[in-house]
Amino acid sequence: MECNAGAIWDEQYLAYDFGDHPLNPVRLDLTVRMSRELGVLERLAITPPVAADESQLLTIHTADYIAAVRRASVDQTYEGFGLGTTDDPVFAGMYDAAALVAGGSVAAALRMWNGEVEHGVNIAGGLHHAMRDHASGFCIFNDAVLAIRALLDAGAAKVAYVDIDVHHGDGVQAAFYDDPRVMTISLHQDPRTLFPGTGMPTEIGAGDATGTSINVALPPGTDDAGWLRAFHAVVPGAVRAFAPDVLVSQCGCDTHHEDPLANLELTIDGQRAAIAAMHQLAHDVCGGKWVAFGGGGYGLIRCVPRTWTHLLAEASGLEIASDTPVPEAWTTYLRGRGVKSELPSRMGEGPLREVIPWAPGGEGWLDGAIGATRRAVFPLLGLDPDDPRD
Ligand SMILES: [Zn+2]
Ligand SMILES: [Zn+2]
Numbered sequence: 004m005e006c007n008a009g010a011i012w013d014e015q016y017l018a019y020d021f022g023d024h025p026l027n028p029v030r031l032d033l034t035v036r037m038s039r040e041l042g043v044l045e046r047l048a049i050t051p052p053v054a055a056d057e058s059q060l061l062t063i064h065t066a067d068y069i070a071a072v073r074r075a076s077v078d079q080t081y082e083g084f085g086l087g088t089t090d091d092p093v094f095a096g097m098y099d100a101a102a103l104v105a106g107g108s109v110a111a112a113l114r115m116w117n118g119e120v121e122h123g124v125n126i127a128g129g130l131h132h133a134m135r136d137h138a139s140g141f142c143i144f145n146d147a148v149l150a151i152r153a154l155l156d157a158g159a160a161k162v163a164y165v166d167i168d169v170h171h172g173d174g175v176q177a178a179f180y181d182d183p184r185v186m187t188i189s190l191h192q193d194p195r196t197l198f199p200g201t202g203m204p205t206e207i208g209a210g211d212a213t214g215t216s217i218n219v220a221l222p223p224g225t226d227d228a229g230w231l232r233a234f235h236a237v238v239p240g241a242v243r244a245f246a247p248d249v250l251v252s253q254c255g256c257d258t259h260h261e262d263p264l265a266n267l268e269l270t271i272d273g274q275r276a277a278i279a280a281m282h283q284l285a286h287d288v289c290g291g292k293w294v295a296f297g298g299g300g301y302g303l304i305r306c307v308p309r310t311w312t313h314l315l316a317e318a319s320g321l322e323i324a325s326d327t328p329v330p331e332a333w334t335t336y337l338r339g340r341g342v343k344s345e346l347p348s349r350m351g352e353g354p355l356r357e358v359i360p361w362a363p364g365g366e367g368w369l370d371g372a373i374g375a376t377r378r379a380v381f382p383l384l385g386l387d388p389d390d391p392r393d
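Counting along the sequence shown from 1, when you hit position 108 you're at 111 in the numbering used here, and nothing is skipped either side.
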């Protein structure tokens with residue numbers, strides 16, 4: 004499949020830098036370098052982001068919080084509104100850096116919606132924990148919420164948001180919890196074992212949006228086969244039933260088995276399969292209207308660059324085989340910067356293990372979790388939680 008995809012990119016994104024912190028922007032730089040070496044970048048229409056202005060940010064954040072981020076940006080001793088914490092330390096230029104990411108996600112969405120490209124990607128985006136009135140979980144402004152709002156304002160009647168980050172997409176869920184125009188689906192490590200502590204299957208939305216918040220709480224240790232079983236048991240059925248105009252994906256790759264912050268066990272190949280499944284779903288259900296963002300991912304060298312290179316390639320319709328060598332120039336660049344640790348030699352870790360489809364009556368934590376999600380929301384969507392074809 005050849006797809007006309009666009010990506011939003013500018014080196015100014017690297018200014019979103021908390022310093023000595025797990026979220027290091029080097030991961031974006033290394034992704035772009037790898038993509039360039041593999042000929043992926045030249046397949047994409049690249050445009051730079053334009054920072055979201057205050058009037059845009061006011062549609063999703065409180066005026067007090069926006070003012071606090073401005074002050075923190077100037078006065079690095081600032082505390083309050085979740086700022087100045089271990090997770091969200093303040094840094095000079097924080098306001099501009101966060102506004103640029105937010106504007107980039109809006110641009111990815113609107114270029115797609117306006118028909119300039121079929122798919123829009125912003126690997127710097129996906130900062131899904133930011134809340135209306137405070138910073139949270141490395142996230143200052145919620146670019147995903149802003150992009151979905153922009154799509155609704157531009158005329159999209161319904162938007163489905165699928166979040167495959169290892170952490171619950173809590174900020175996006177909260178923003179649209181009672182909005183029937185937006186379905187949020189998050190697959191994540193069980194929140195009883197991981198930040199942010201929300202995202203249980205019982206969180207299903209409110210009012211006339213009941214049934215449009217969907218959460219799959221996966222056991223620690225879930226691998227490719229288990230994760231993909233859960234995805235296919237919940238996501239395609241729910242999205243088809245909702246019939247959105249657009250699919251928005253948050254492609255956090257902190258589900259990787261080497262990720263230092265969480266405990267799922269996916270490989271690069273499992274993550275690529277998840278991204279490919281969302282791409283296919285957008286063609287099947289939304290006429291190809293697909294927007295994809297980055298998100299979490301703290302395997303800065305061995306995970307993020309490969310997975311998001313696959314994301315950029317996938318959006319352009321290119322499948323990079325798992326056994327493709329990692330470009331020599333990329334490895335040489337890292338060695339030149341003094342990196343001594345073991346570098347990946349192939350673009351994947353494949354082959355992918357066979358995925359056994361979900362069936363009712365399965366025992367154990369994983370099948371129990373899948374069943375709980377299906378029972379919580381499928382009846383509200385006109386689907387049968389016990390019919391594996393739904
Ligand atoms: Zn496509
Ligand atoms: Zn995460």
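We put the CB at the ideal spot given by N, CA and C, even for glycine.
When C-alpha distances from leucine 33 are compared across Val72, Val294, Ala279 and Gly302, the shortest belongs to Gly302.
Remark: three or more beta-carbon pairs, one from each stretch, lie closer than 8 Å, so the segment 269–288 and the segment 350–358 are flagged as touching.
Separation of the CB atoms of alanine 112 and threonine 50 is rounded to 13 Å, and the pair is thereby denied contact status at 8 Å. With contact defined as three or more Cβ pairs closer than 8 Å, the segment 176–192 and the segment 80–94 are not in contact.
For the pair aspartate 393 and glycine 42, the Cα-to-Cα distance works out to about 39 Å.
Counting only runs of 3 or more residues that sit fully inside the segment 10–90, the beta strand (DSSP E) segments are 48–50, in chain order.
Not one heavy atom of ligand 1 falls within 6 Å of the beta-carbon of cysteine 256. When the five nearest sequence neighbours on each side are left out, the beta carbons in the same chain lying within less than 7 Å of the beta carbon of glycine 298 are those of Gly129, His131, Asp168, Gln253, Cys254 and Gly255, in order along the chain.
For glycine 129, the Cβ stays outside the 6 Å cut-off from all heavy atoms of ligand 2.
Shortest gap from the CB of histidine 170 to any heavy atom of ligand 2: under 6 Å.
Threonine 187: member of the beta strand (DSSP E) spanning 185–192, first to last residue. Cβ-Cβ distances below 6 Å link valine 288 to Val242 and Arg243 in the same chain, with the five nearest sequence neighbours on each side left out; the list follows chain order.
One alpha carbon belongs to cysteine 142, the other to aspartate 91, and they sit about 7 Å apart. Annotation for glycine 291: Cys6, Glu121, His122 and Ala285 place their beta carbon closer than 8 Å to its own, counting only its chain and skipping 5 residues before and after. Near ligand 1, meaning a beta-carbon closer than 6 Å to one of its heavy atoms, we find Met4, Cys6, Glu121, His122, His282, His286, Gly291 and Gly320.
When Cβ pairs closer than 8 Å are counted between the two stretches, the segment 14–24 is seen not to touch the segment 310–318, the count staying below three.
A direct Cα-to-Cα measurement between alanine 54 and glutamine 15 gives close to 11 Å. Taking non-hydrogen atoms of ligand 2 into account, the C-beta of glycine 299 is found less than 6 Å away from one of them.
Between methionine 4 and glycine 320, the gap from beta carbon to beta carbon is short of 7 Å. Listed in chain order, the non-local C-beta contacts of glycine 85 below 7 Å within the same chain comprise Asp91, His137, Ala138 and Ser139, local neighbours out to five positions each way being set aside. For cysteine 256, the three-state secondary structure derived from DSSP is coil.
Looking only at Gly210, Leu31, Met203 and Asp226, the smallest Cα-Cα distance to arginine 377 is reached by Met203.
For glutamate 268, the secondary structure class from DSSP, reduced to helix, strand or coil, is strand. Residue burial annotation: valine 162 is buried, with at least 16 other C-beta atoms found within 10 angstroms of its C-beta.
In the structure shown, the three-state DSSP call for proline 328 is strand.
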